[in-house]
Amino acid sequence: MGRRLELIAVPDLSLDQKVVVLSGRSFQETAGLETFGIGSLKVIDGPFGARGADYSLSSPAAHFPCGPALGATFDPALLREVGAAIGAEIRLKGGDVLAGPNLNLHRTPLAGRNFECYSEDPYLTARIGVAYIQGAQSVGVAACAKHFVANDAEYRRHSVSCKVSERALRELYLVPFEAAVIEGGVWSIMAAYNGINGTLCSEHHELLTTILRDEWGFDGWCVSDWYGVQSTVASANAGVDSEMPGPVHWGAKLADAVVAGDVDEKVIDAKVENTIRIGVRVGRTDPSGAPVSSEHPAETPSDPDVFRDVARRAAAAAIVLLKNDGDLLPLRDDLARLAVIGPNANVARTQGSGSAHVRRHHCVTPLDAIRAALPSCDVTFERGRDNERETPIVEADVTIEFFAEDSHEVLAVEHVEEAHVVWNGQTPGGLTGQPFRARLSWSFTADRAGAYTFSLGTAGEATLKVDGSVVVTSTSTLAPDQSLFARDREQFTGTVELAAGAQHEVVVDYVSGRHRNLRSVIAGMRPPEDPGAFDRAVAAAAGADAAVVVVGTNMDWETEGFDRESFDLPGRQAELVRAVAAVNPRTVAVVVAGTAVDCEWSTDTPAALYAWFGGQEAGPALADVLFGRAEPAGRLPITIPRAIADAPSSPWWPPTGDTIEYGEDLLVGYRGHDASGVAPRFAFGHGGSYTTFAWGEPRRSGAAVEVDVTNTGTRHGSEVVLLFAGRSGDDATLPPKELKGFAKLDLAPGERATARLPVDARTFAHWDHDTRAWVETQGPQFVLLAASATDLRARLSID
Ligand code: BGC
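For the sequence shown, our numbering gives the first residue as 142, with consecutive numbering after it.
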């Protein structure tokens, strides 16, 4: 037995054994050395549900609202519950590490993974992220804060370098990670794909060792993003502990680098030690070095009802009341006729796409939830406009049969709810690691006569037949590592004329071919155009007592792998909202999206809600808020600008070449709007209520500022008090104010409570390059108490 560290025994291992435990044995599992007590770690993606090891075929999981929705709750206590729920489901799936939270920031409204990230503000992100981490780790699962750092866009994500100042890194992008380590005690960190100022994060010694370990005292496990290690020596010396899935650049190559003297064996020992430490914390590795099992517990489907309540509370608490002229909301629930309109009303758009995608237990569309909430109302539906980016993914009962490459014997059969299947290493039928063939089949009824468009996007090759005739053939030219989320880059389409009313059989024959690690097939179908849809929607609205128009994006727009090109509400949905509002003065617009979209139409509609991608309970939660059974308790965690050009990062977006320039420096989001004076459409922190509140005079109380808030209305409601540190002086490069505290108060009618907002050493601190430390900013100090970044209620000097 070797050295002892804390309570951890680090066994005497040969160099070859040591490098084994520093890479994967499968896509989601690290390799263990079980006879030495070192267990394999199973990493499962979140962050909004325990996906399971397999991207597509894992059993369903409880599915929570997207990142900015959770940010909008401004409710760390609720986030602790969400983190604990997801942690518990990670355990059911035999997992040890939850790949989340995503602590990157909304720098541009157009970033593809904004739907995973909580906010544009580092303080809010830190508070929400710390609570989520503490919740997950309270059930013995390691949270993995990702992606360290500045992975704020998908543009050339494996190679791009972010050009960002030290001060912006320290005061914005690193802040949530610093809190995750120091306050959240996070057990794991994922190094980002991108580089910072010319050095890949996975090779960034200052980031992974000087800052993370030496300065912040991180003693956990630093894992690469998947295929994010691009070197042997540089990544090993910088501070990555494990190459996942790997080994590609590590394994025997790492052992050779040690023998060649390019990597000190002590560096390897430290990685082994970190891996053992986290293994002990999650209960996979035996602290005394006694042998452990090499198997992970089987993935157990979770009970669909256990976390329903917390998912529903979170979805409702996230909904933001953008406007409510004439107190149109909540709608009366004795309406005789209600028109529900829009492309996001009769489908459950509950999440973005990519590694964060989970197979949900169930979901209820907004339309069905509204119908269930108003059983005696005549609820009509018209789609009005389409909002698809791609040919819509087929949602059907899809059967998948698996075959070896050169045989017709069915080796396994699976069933999925959509024709979007990704195989990340595990293949049913004993086919893991081998080329294979799969046959997907389903049937559908043609509702309308006309040209039906079918599409295929594949990592591999496929042919799609309708009733036995070939309609589309797909031959991917993408490199295997490009192809996982590459639906936008290569889509093959074909059309077939169909008569109305008949049932048709679709078969997709897929061959994985040269694609080894990530194989996928995505099939879509677009029915013929419905030319009368817009006019029917307007007519339905005109004839109803009220109209609810549900618009937004979907996971083809918001996904890992690429960024959005436009801020517009896609598919001319803005016209739809306007036309409906023009014929029905009781129109409520609802945005279902994972980040900011253009809300210019909101000037013409009396009421609007931002309901996000709200997870499995999004539909019922929206109905609760529409009819006043729950309050719209969310506040915007992002700024919604009037136009994309007003977003402070826009002069530097989209990027060109291999660099993303963070030219706005410290002036991200509301900080930039404050500095330029350009008014946003809806400010950071904005959100109305069904009740009213009165704020008292703020006062100092010890190391805090306090303000009394009274619910002066007749309904229960919650108010969020924001505390910004103000900055005087005329340096236009510095933010005029920055969020440094918030409190959410839940108040019954007539109830009064005190919001207490601590003021501490960091409230007025800035990062000092020379001393490499946070130092107190000199000059007169004051805080602003506010309901949003543009709704300032009080200014208080702090001596
Ligand atoms: C993503 C990570 C994720 C990993 C494993 C990568 O593509 O960037 O966030 O955890 O895949 O699925």
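In this text, a Cβ means the ideal position worked out from N, Cα and C, and glycines have one as well.
Residue i CB to nearest heavy atom of ligand 1 below 7 Å
| i | result |
| --- | --- |
| K183 | no |
| K407 | no |
| E170 | no |
| K234 | no |
| S496 | yes |
| W367 | yes |
| A332 | no |
| A191 | no |
| E440 | no |
| D382 | no |
| H288 | yes |
| D186 | yes |
| E295 | no |
| R284 | With the sequence shown as reference, residue 284 is identified as Ala, and Arg is not the correct amino acid for it. Because no heavy atom of ligand 1 lies under 7 Å away, the Cβ of A284 does not count as near it: no. |
Bounding residues of the beta strand (DSSP E) (the contiguous stretch that carries residue i)
| i | result |
| --- | --- |
| K412 | Looking at the DSSP string, K412 is not in any beta strand (DSSP E); the run it does join, the alpha helix (DSSP H), is E406 to R422. |
| L126 | For residue 126 there is no data in the structure shown, the boundaries of the chain being 142 and 940. |
| R934 | D932 to I939 |
| A240 | V238 to A240 |
| D650 | Q644 to V652 |
| G598 | G591 to A600 |
| I801 | T800 to E802 |
| F318 | F318 -> not in any beta strand (DSSP E); alpha helix (DSSP H) instead, spanning V316 to I323. |
| R677 | Not the beta strand (DSSP E): R677 falls in the alpha helix (DSSP H), residues A674 to A683. |
| G665 | R660 to R667 |
| V613 | S610 to T616 |
Simplified DSSP assignment, three categories, for residue i
| i | result |
| --- | --- |
| G143 | Annotation note: pLDDT 41 at G143 (below 50); position unreliable, coordinate value reported separately. Three-state result, G143: coil. |
| N378 | helix |
| D509 | helix |
| H549 | coil |
| H288 | strand |
| G867 | strand |
| E222 | helix |
| T636 | strand |
| S434 | coil |
| Q567 | coil |
| N695 | coil |
| G920 | coil |
| G775 | strand |
| N487 | coil |
Where residue i falls, given that 16 or more other Cβ within 10 Å makes a residue buried
| i | result |
| --- | --- |
| E646 | exposed |
| G276 | buried |
| R144 | Its pLDDT being 45, under 50, R144 is placed unreliably by the model, and the measurement read from it follows with that caveat. Classification of R144: exposed, given that the 10 Å Cβ count is below 16. |
| G665 | buried |
| T912 | exposed |
| L146 | Bear in mind that the predicted position of L146 carries a pLDDT of just 47, short of 50, making it unreliable; the figure below should be weighed with that in mind. Counting Cβ neighbours within 10 Å, L146 comes out exposed, since fewer than 16 surround it. |
| K407 | exposed |
| H561 | buried |
| A401 | exposed |
| T373 | buried |
| Q575 | exposed |
| H549 | exposed |
Range of the contiguous alpha helix (DSSP H) that encloses residue i
| i | result |
| --- | --- |
| Y811 | Y811 to S817 |
| T266 | P263 to S279 |
| G208 | G208 to A213 |
| Q714 | Q714 to V724 |
| Q371 | Run containing Q371: none; DSSP gives neither H nor E here. |
| D403 | From DSSP, D403 is part of no alpha helix (DSSP H); its letter is neither H nor E. |
| D186 | First-last for D186: V184 to D186, but that is the beta strand (DSSP E), not the alpha helix (DSSP H). |
In DSSP terms, what residue i is bridged to
| i | result |
| --- | --- |
| W908 | W915 |
| F177 | DSSP, once it has assigned bridges, lists no residue as partnering F177. |
| P899 | A845 |
| E523 | I482 |
| A894 | V850 |
| N243 | K287 |
| G882 | L864 |
| T573 | Paired residues: none, contrary to the question. |
| I337 | C303 and T340 |
| M113 | This structure leaves residue 113 out entirely; the chain is present only between 142 and 940. |
| E542 | V554 and R580 |
Short CB-CB distance (under 8 Å) between residue i and chain D
| i | result |
| --- | --- |
| P317 | Absence of chain D from the displayed structure is noted, only one protein chain being present. |
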